[in-house]
Amino acid sequence: MRIDKMLANMGYGTRKEVKGLLKGGNVRVNGQPEKSAKAHVNPENDQVTVMGEEVEYREYIYLMLNKPGDLISATEDAHETTVIDILQPEDQVFDPFPVGRLDKDTEGLLLITNDGQLNHRLTSPKKDVGKTYFALIEGKVTAEDVEKFAAGVTLDDGYQTKPGHLEILLSDEVSEIELTITEGKFHQVKRMFEAVDKTVTYLKRTKVGKLELDEELDLGEYRELTEEEIGYLKGITNLE
């Protein structure tokens, strides 16, 4: 890896600013001054210091966000605030992206990473990774709805969904439910309920697989995943 890219990725400035650090003699590799931005280093084996401070290189970042209902699940947008916009600069330098997509008005668990392979596997329908949602539904949700969801419902565009596990927490004029699905079509949860003549009025994702949203996180707050949580996600997608 080029040393200017490594240092830029670790938040030491833009490529141009990093070039200035190098030319100024502020960077050492294995104790020797390095002034060339084109020099290649092995982050695993080479010791790199900037102004005497050792650089601890990280290739990937894994975050859990409690997404509020006013952010879009994108890396950038000319008009809307994205989930990446609210990250700290030291996390943004990793160029992370949301894993899958939550609708703008949907709250809850959103994973953010720059690990493209894990992202692909978590969002691939072939991996059957369940995503669990809590929702408020206008109208009484019935056992008949549970059966329909278990068989898969037909959406407004004719698409037949994969089976979903619907659990009724409260059946009333405004029902409370929990739904687990293994795919993520556009507005899927809302459209599944529209298929049984009901309306979602509130939606929150609570789990990816068995990884639960950290309830200590307020809306808009995030934290890094633990090594155990990262290992779990890699395990369920056969990445390890």
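The sequence shown begins at 1 in UniProt numbering and counts up one residue at a time.
Idealized CB from N, CA, C, for every residue including glycine.
Query	Result
CA-to-CA distance, Arg58 to Glu38, given in whole angstroms	A small fix is needed here, since residue 38 is Lys in this sequence, not Glu. If you take the alpha carbons of Lys38 and Arg58, they lie about 20 Å apart.
Best match in Val174, Phe193 and Lys104 for proximity to Glu147 [C-alpha to C-alpha]	Phe193
The segment 132-145 / the segment 193-213 touching (three or more Cβ pairs under 8 Å)	yes
Cβ pair Asn66, Gly130 closer than 8 Å	no
N-terminal and C-terminal residue of the alpha helix (DSSP H) that Gly20 is part of	Arg15 to Lys23
Stretch pair the segment 65-83 + the segment 99-113: three plus CB contacts closer than 8 Å	yes
Beta-carbon gap between Asp115 and Tyr60 smaller than 8 Å	yes
Segments of 3+ residues assigned as beta strand (DSSP E) that fall wholly inside the segment 86-130	107-113
Beta-bridge pairing of Gly184 - partner residues as DSSP gives them	Note: Gly184 sits in no beta bridge, so no partner.
Run of the beta strand (DSSP E) containing Val55, from where it starts to where it stops	Val55 -> no beta strand (DSSP E), and no H or E assigned at all.
Extent of the continuous alpha helix (DSSP H) to which Ile84 belongs	Here Ile84 belongs to no alpha helix (DSSP H), and DSSP marks it neither H nor E.
Minimum length 3: unbroken beta strand (DSSP E) runs contained in the segment 159-236	165-170, 174-181, 199-208 and 222-224
First and last residue of the uninterrupted alpha helix (DSSP H) at Met64	Premise fails: Met64 lies in the beta strand (DSSP E), Tyr62 to Lys67, not in any alpha helix (DSSP H).
Sheet register partners of Gly139 (DSSP bridge)	Val174
Residues near Val196 in its chain [Cβ-Cβ closer than 7 Å; skip 5 each side]	Asp145, Lys148 and Val153
Leu118 vs Leu225 beta-carbon contact at 8 Å	no
Val29: first and last residue of the uninterrupted beta strand (DSSP E) it sits in	Val27 to Val29
For Met64, the nearest candidate out of Leu239, Lys210 and Tyr222 (CA to CA)	Tyr222
Within-8 Å CB hit, Gly158 to chain B	The displayed structure is made up of one protein chain only, and chain B is not part of it.
Start and end residues, alpha helix (DSSP H) containing Lys5	Ile3 to Asn9
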